[in-house]
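Q: Read in order, the letters of the sequence shown correspond to residues 1320 to 1472 in my numbering. Glycine is no exception: its CB is placed at the ideal position from the N, C-alpha and C atoms. A quick note: this is a predicted structure, and the numbers were derived from the prediction, not measured.
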Amino acid sequence: MKQLIVPALLCVLCLGGCGQEEAPSPYFIFGQYGGCMDDCNEYYKIRDGILYSTPSDSIPANGLPADISMTFIEYTGPVPENIFSLPGQIPSLLYDMEPVIGAPDAAQDGAYYIEIKMDETPLSWRIDKNFANVPQDLYPFLYSISDYLADLQ
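What follows is the structure in structure tokens.
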């Protein structure tokens, strides 16, 4: 009898623990880089109603999503009102644009970084802070990003 219990218990444990992994929840990352002499890179992530920040002055690895290439920790400062509505403000136009908009940080004026993952593949954009190089339809969204970044500093 004991010989049947051990294999049966192992099967139950394996089946319970070997199921499909739960898909990661959607997230939204926003930030800015460049445009100053030092400590000017800042990134924030919204996931599951929690705000996270990067603990160091870093940028996403080229070609890799920030969610994978950067470390985020839970943000402990005051959280700006309505910040969790920011992902819903993304203009639909952005989804049809190339991942580089304008000439991000080319004139040493910095750039915005946006990354969103709703399903399997994250999408990201590096957007010039010089609005002369950016479509006007993006201005309201970029002003919101700028305002929230100022509030979080």
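Return the first residue and the last residue of the alpha helix (DSSP H) that phenylalanine 1450 is part of.
A: Neither: phenylalanine 1450 is in no alpha helix (DSSP H) and is coded neither H nor E.
Q: Which term fits alanine 1451, buried or exposed, when burial requires 16 or more other beta carbons within 10 angstroms of its beta carbon?
A: Alanine 1451 comes out exposed.
Q: Apply the 10 Å Cβ neighbour rule to tyrosine 1414 and answer buried if 16 or more other Cβ atoms are within range, or exposed otherwise.
A: Result: exposed.
Q: Using only the alpha-carbon positions, how far apart do leucine 1471 and proline 1399 sit?
A: Going by the C-alpha atoms only, they are around 7 Å apart.
Q: With a threshold of 8 Å on Cβ separation, who are the neighbours of aspartate 1456 within its own chain once the five nearest residues in sequence on each side are excluded?
A: Pro1410, Leu1412, listed in sequence order.
Q: Given a cut-off of 8 Å, decide if glycine 1429 and cysteine 1359 are closer than it, judged by their beta-carbon atoms.
A: Yes. Within cutoff.
Q: With C-beta atoms as the reference, is phenylalanine 1347 less than 8 Å away from isoleucine 1446?
A: In this structure, isoleucine 1446 does not lie closer than 8 Å to phenylalanine 1347 by Cβ.
Q: What's the C-alpha gap between leucine 1405 and lysine 1364?
A: C-alpha separation (whole angstroms): 11 Å.
Q: First and last residue of the beta strand (DSSP E) that includes tyrosine 1362?
A: Counting along the chain, the beta strand (DSSP E) containing tyrosine 1362 begins and ends at 1361-1366.
Q: By Cβ distance, which residues of its chain are closer than 6 Å to methionine 1437, with the 5 residues on each side in sequence left out?
A: So the qualifying residues of the chain are Pro1345.
Q: Please work out which residues of its chain come closer than 8 Å, Cβ to Cβ, to glycine 1353, disregarding the five sequence neighbours upstream and downstream, and give them in chain order.
A: If we look at glycine 1353 and ignore the five residues flanking it on each side, its Cβ neighbours are Cys1359, Asn1360, Pro1423, Asp1424, Gln1427, Asp1428, Gly1429, Ala1430.
Q: How is glycine 1396 classed by DSSP in three states: helix, strand or coil?
A: Note: glycine 1396 maps to coil in three-state DSSP.
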